[in-house]
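Here's the structure, in structure tokens; my notes come after.
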Amino acid sequence: MDHLKETCAAARNLLKQMPKADLGFFPTPLYKLDHLSEELGVNLYIKRDDFTGMNLFGGNKIRKLQYLIGDAAAKGCEYVFTFGATQSNHAMQTVSACRRCGLKPVLYLVAIVEPDEEDLRSNLLLDRIMGAEIHVVRMNPGEEEAEAEERSVQMAREHMKQLETQGHKCYEVPMGGASPVGSVGFIEGFVEFAEQVADMGIHPDYIFHGTGTGGTMAGLAAGKVLTGLDTEIISINVSWKDEGYPKRTQDLANESLALLGAPVSVEASRDIHTDLNYYLPGYEIPSESATEAIRLLAQTEGLFIDPVYTGKAFAGMLDHIRIGRVPQGSTVVFWHTGGATALFAEKEILGEIL
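Throughout the sequence shown, residue numbering follows UniProt numbering, covering 1 to 354 in sequence.
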């Protein structure tokens with residue numbers, strides 16, 4: 001454990017060179033789920049990144065936004081543009097971060113599930129309360145989600161060009177904050193986690209988390225190689241099947257490490273393990289296994305996860321444990337990335353919880 005503490009200290013020194021906004025409350029808690037551990041036959045811990053802040057509805061994106069908004073402020077930007085679905089956790093947390101730092105948030109949100117403007121819910125309601133400039137992009141008949149998302153990005157970039165011709169400086173935050181700068185936030189998150197397990201005297205055999213755009217996964221993989229903590233990270237994909245995902249995540253992780261001048265690199269075959277079996281029936285569409293996972297965690301530990309991200313990720317972890325891919329007696333960590341606001345979203349997103 002002493003060597004791990006030394007590598008974490010060295011990583012902290014590398015992180016100091018990056019501009020950073022003070023947005024969250026860290027470290028987030030890491031503790032054992034006693035009832036589920038007994039039921040499943042493993043030592044199950046939870047990393048509570050739903051407690052990152054900066055408001056009541058925190059989540060993993062705050063880690064990325066500390067560096068993204070820090071970068072925007074360092075460059076003298078006035079407007080911050082980002083993208084997502086209408087109930088995007090990332091978009092809501094971006095608005096919150098902008099308000100904290102005095103920047104103007106502009107959202108381009110794809111209506112995968114059509115919002116009711118007379119009865120706004122969940123993250124979209126919070127976006128409105130915080131006064132974000134919101135552009136809802138409706139999907140065309142027969143259009144794929146990825147096509148609509150790309151169209152929203154192009155619309156936003158045209159808007160940015162107009163503002164820049166008027167003398168305003170704009171900053172683009174990619175969907176999910178998945179960029180080299182953003183993923184540095186989860187390198188720091190992994191360093192924080194490694195410090196915690198060293199202090200607690202535990203060795204995590206597996207870490208499970210949900211992944212969408214890949215920024216969190218890239219940062220965790222980079223943090224793993226930077227600290228040298230020997231653990232297997234299993235990323236449960238919650239959006240769509242994409243066989244090229246590991247290679248792109250490897251590249252993103254290595255670009256983040258390069259920003260820090262770190263003397264290590266991520267290799268997809270060694271460091272990135274993605275499970276594509278739990279994203280169906282699709283993004284923002286609830287699955288039976290995720291609904292069961294939501295109920296199980298709530299009724300055994302009094303904790304809440306959501307039907308879009310963490311519910312599907314937790315369901316994937318449960319399967320890995322129950323079918324023996326994770327051996328009995330293993331030490332397992334579930335990284336809670338937030339998003340429980342989806343429990344108050346449209347019925348199409350929530351599903352049949354009760």
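Ideal Cβ placement from N, Cα and C applies to all residues, glycine included.
(message) On the DSSP bridge list, what partners appear for T216?
(response) None, per the DSSP bridge assignment.
(message) For L303, which residues in the same chain have their Cβ closer than 6 Å to its Cβ, ignoring the five residues on either side in sequence?
(response) L297
(request) Closer than 8 Å by C-beta to R128: which residues in its own chain qualify, once you throw out the five before and the five after it? Chain order, please. (result) L120 and I134
(request) State the start and end residues of the unbroken alpha helix (DSSP H) segment that holds Y67. (result) K61 to A74
(message) By DSSP's criteria, T82 is part of a beta bridge. Which residues make up the other side?
(response) L107
(request) Express the C-alpha separation of V106 and D199 in angstroms, rounding to a whole number. (result) 41 Å
(message) For a quick check, are the C-beta atoms of Q66 and K16 less than 7 Å apart?
(response) no
(request) Determine the burial state of I323: buried for a count of at least 16 other Cβ atoms within 10 Å of its Cβ, exposed for fewer. (result) exposed
(message) Suppose you measure from the CA of S239 to the CA of Y245; what does that come to, to the nearest Å?
(response) 11 Å
(message) To the nearest angstrom, how far is the alpha carbon of Q299 from that of Q166?
(response) 55 Å
(message) Beta-carbon within less than 8 Å of F51's beta-carbon, same chain only, minus the 5 sequence neighbours each way: which residues are those?
(response) F25, T28, P29 and G58
(message) For P254 and S265, which I take to be in contact (beta-carbon distance under 8 Å), what is that distance rounded to the nearest angstrom?
(response) Note that residue 254 is Asn in the sequence shown here, rather than Pro. Indeed they touch by this definition, with Cβ atoms about 5 Å apart.
(request) For chain B, find out if any of its Cβ atoms is closer than 7 Å to the Cβ of S37; answer yes or no. (result) Of the protein chains in this structure there is only one, and it is not chain B.
(request) Would you list, in sequence order, the uninterrupted alpha helix (DSSP H) runs of no fewer than 4 residues that lie entirely inside the region 240-294? (result) 245-260 and 268-271
(message) Between which two residues does the alpha helix (DSSP H) holding N140 run?
(response) Unbroken run through N140: none, as it is neither H nor E.
(request) Identify which residue in E288, M155, Y309 and I353 has its Cα closest to the Cα of N89. (result) Y309
(request) Take R63 and list the residues in its own chain whose beta-carbon comes closer than 6 Å to its own, dropping the five residues that flank it on each side. (result) G185, F186 and G189
(request) Would you kindly work out how many angstroms separate the C-alpha atoms of G85 and V42, rounded to a whole number? (result) Sequence check: residue 85 is Ala here, not Gly. A85 and V42: Cα-Cα distance of roughly 36 Å.
(request) Go ahead and pull the three-state DSSP assignment for F26. (result) coil
(message) Considering Cα atoms alone, identify which of F193, S289, M175 and G201 is closest to L68.
(response) M175
(message) When you compare the region 67-81 with the region 94-109, are there three or more beta-carbon pairs, one atom per stretch, that lie closer than 8 Å?
(response) yes
(message) Whole angstroms are fine: how far does the CA of C77 sit from the CA of R48?
(response) 31 Å
(message) By alpha-carbon positions, which one of G339, G351 and L343 ends up nearest to N55?
(response) G339
(request) Along the beta strand (DSSP E) that carries E172, what are the first and last residues, could you check? (result) C170 to E172
(request) Return the bridge partner residues of N237 from the DSSP annotation. (result) T211
(message) Comparing C-alpha positions only, which one of E348, E144 and L226 sits nearest to V110?
(response) E144
(request) Have a look at the DSSP bridge pairing and note the partners of H90. (result) Paired residue(s): none; H90 is not in a bridge.
(message) Which same chain residues end up closer than 6 Å to L33 when comparing Cβ atoms and leaving out the 5 residues on each side of it in sequence?
(response) L44, I46 and E301
(request) Output the distance between the C-alpha atoms of H273 and Q162, rounded to the nearest integer angstrom. (result) 42 Å
(request) Enumerate in chain order the residues of its own chain whose CB-to-CB distance from L276 is below 6 Å, with the five nearest sequence positions on each side excluded. (result) N237 and K241
(request) Return the CA-CA distance between L23 and T337, expressed in angstroms with no decimal places. (result) 16 Å
(message) Are the CB atoms of A290 and P307 within a distance shorter than 7 Å?
(response) yes
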